[in-house]
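Peer 1: Before I ask anything, here is the structure I am working with.
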Amino acid sequence: MEDNTETNNSAFNEASFKMKRLHELQDRINLLRRNLFTPIPTKYGTYGFREAYDCLLGLYQEIAAKCSEDERKEIKEKKDKLRKQVRELEERFDRYKKKDRGIALKIKEYETSRQQLQYDVEDKLFEIEELIRDLLDKHGFSTLNTENLEGDSYN
Numbered sequence: 005m006e007d008n009t010e011t012n013n014s015a016f017n018e019a020s021f022k023m024k025r026l027h028e029l030q031d032r033i034n035l036l037r038r039n040l041f042t043p044i045p046t047k048y049g050t051y052g053f054r055e056a057y058d059c060l061l062g063l064y065q066e067i068a069a070k071c072s073e074d075e076r077k078e079i080k081e082k083k084d085k086l087r088k089q090v091r092e093l094e095e096r097f098d099r100y101k102k103k104d105r106g107i108a109l110k111i112k113e114y115e116t117s118r119q120q121l122q123y124d125v126e127d128k129l130f131e132i133e134e135l136i137r138d139l140l141d142k143h144g145f146s147t148l149n150t151e152n153l154e155g156d157s158y159n
């Protein structure tokens, strides 16, 4: 007797979960943008800019498989540079909290250099966010284009 068992493909589709993760990461980044340099009380303690950086990495990791080699290289170069600055800024914030505030001139110099680093980190966070959001759009992870009548291109 022949076995007439039908084989079905899985009906599970991760697309809705991916879209939920993308939405949550983008929402978190939008909320953090208001207070990038404010401490965030967590078990380990962190700052808004660190969490924004981590969310951007998560956002990128969700779409990395769809990116070309050139796109990956561009993101990698920018995120590696930013990672160094984020770490340096974290160290400066932590050192400042522990620093003896006895010499006003040293603090003024320290604050000026930290302020510039904050501007640099903020600019790079926004630059990478803009690049990632462009990639999200380019690879079909955002609003459907009117000419795309068959659905998202990542399916």
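First residue of the sequence shown? That's 5 in this note's numbering, and the numbers climb one at a time after it. Beta carbons are placed, not taken as given, at the ideal position from N, Cα and C, and that holds for glycine.
Whose CA, out of G144, K82 and R54, lies closest to the CA of L36?
Peer 2: As a working mapping, residue 36 is identified with position 32 in the sequence shown. Nearest in C-alpha terms to L36, of all of G144, K82 and R54, is R54.
Peer 1: Just to confirm, are H170 and C71 a CB contact at a threshold of 9 Å?
Peer 2: Outside the shown range of the chain, which is 5 to 159, sits residue 170, and nothing can be said about it.
Peer 1: Determine the closest residue to K88 out of V125, A56 and Q65, with distance taken between C-alpha atoms.
Peer 2: Working through the sequence shown from its first residue, we reach residue 88 at position 84. Per the Cα distances, V125.
Peer 1: Per DSSP, which residues does P43 bridge with? Please list them.
Peer 2: Sequence index remark: in the sequence shown, residue 43 carries index 39 (1-based). For P43, which the question treats as bridged, DSSP gives the partners Y51.
Peer 1: What does the alpha-carbon distance come out to for the pair N159 and Y64?
Peer 2: For the purposes of this step, residue 159 is taken as the residue at position 155 of the sequence shown. For the purposes of this step, residue 64 is taken as the residue at position 60 of the sequence shown. For N159, the predicted model reports a pLDDT of 45, less than 50, meaning its position is unreliable; a value from the coordinates is still stated below. Roughly 18 Å separates the two Cα atoms.
Peer 1: If contacts are defined as beta-carbon pairs under 8 Å, then P45 and Y51 qualify, I think. What distance do you get, rounded to the angstrom?
Peer 2: By 1-based counting over the sequence shown, the position of residue 45 is 41. By 1-based counting over the sequence shown, the position of residue 51 is 47. Between Y51 and P45 the Cβ distance is about 11 Å, and since that is not below 8 Å, they are no contact.
Peer 1: Give the range of the alpha helix (DSSP H) segment to which S20 is assigned.
Peer 2: Working through the sequence shown from its first residue, we reach residue 20 at position 16. From DSSP, the alpha helix (DSSP H) with S20 extends over A19 to L36.
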